[in-house]
Amino acid sequence: MMEKEHDYSRCQICGRKLKNPQYRRSGIGPKCKQKQSKEPDEKVVQLKLF
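Mind the numbering: the sequence shown is residues 1 to 50 in this note's numbering, read in order.
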(Lines of atoms letter the chains of each structure in order from A and count residues from 1; the text may use other names and numbers.)
(Lines give C-alpha, C1' and ligand atoms only; values in the text may rest on other atoms or scores of the structure.)
Protein backbone atom coordinates (compact mmCIF):
# COMPACT_ATOMS: atom_id res chain seq x y z
CA MET A 1 0.00 0.00 0.00
CA MET A 2 1.05 3.58 -0.56
CA GLU A 3 2.19 5.58 2.44
CA LYS A 4 0.80 9.05 2.88
CA GLU A 5 4.07 10.97 2.68
CA HIS A 6 2.40 14.16 1.46
CA ASP A 7 0.16 14.74 4.48
CA TYR A 8 2.66 17.42 5.44
CA SER A 9 4.60 19.67 3.15
CA ARG A 10 8.23 20.27 4.03
CA CYS A 11 10.23 23.42 4.66
CA GLN A 12 12.22 24.40 1.58
CA ILE A 13 15.23 25.41 3.70
CA CYS A 14 15.61 22.81 6.46
CA GLY A 15 13.22 20.07 5.28
CA ARG A 16 11.12 19.88 8.47
CA LYS A 17 7.50 18.75 8.21
CA LEU A 18 5.08 21.67 8.21
CA LYS A 19 1.70 21.10 9.86
CA ASN A 20 0.41 24.67 10.15
CA PRO A 21 -1.49 25.73 6.98
CA GLN A 22 0.05 29.22 7.18
CA TYR A 23 3.56 27.80 6.87
CA ARG A 24 2.52 25.11 4.38
CA ARG A 25 1.37 27.80 1.95
CA SER A 26 4.63 29.74 2.16
CA GLY A 27 6.80 26.60 2.19
CA ILE A 28 9.06 27.99 4.92
CA GLY A 29 8.89 26.88 8.55
CA PRO A 30 8.60 29.25 11.53
CA LYS A 31 12.23 28.92 12.65
CA CYS A 32 13.61 29.51 9.16
CA LYS A 33 11.24 32.44 8.69
CA GLN A 34 12.59 34.05 11.89
CA LYS A 35 16.18 33.52 10.72
CA GLN A 36 15.38 35.10 7.35
CA SER A 37 13.76 38.14 8.94
CA LYS A 38 16.79 38.69 11.20
CA GLU A 39 19.52 38.23 8.58
CA PRO A 40 18.79 41.25 6.34
CA ASP A 41 18.70 43.61 9.33
CA GLU A 42 22.12 42.43 10.50
CA LYS A 43 23.56 42.83 7.00
CA VAL A 44 22.18 46.36 6.71
CA VAL A 45 23.71 47.28 10.07
CA GLN A 46 27.09 45.87 8.99
CA LEU A 47 26.96 47.82 5.74
CA LYS A 48 26.22 51.05 7.60
CA LEU A 49 29.21 50.51 9.88
CA PHE A 50 31.67 50.30 6.98
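Don't be surprised by glycine CBs; every beta carbon is placed ideally from N, CA and C.
Environment of residue i [buried if 16+ CB atoms lie within 10 Å]
{"i": "CYS11", "result": "buried"}
{"i": "GLY29", "result": "buried"}
Bridge partners - residue i, DSSP secondary structure assignment
{"i": "ARG10", "result": "LYS17"}
Beta-carbon gap between residue i and residue j smaller than 8 angstroms
{"i": "TYR23", "j": "LYS17", "result": "no"}
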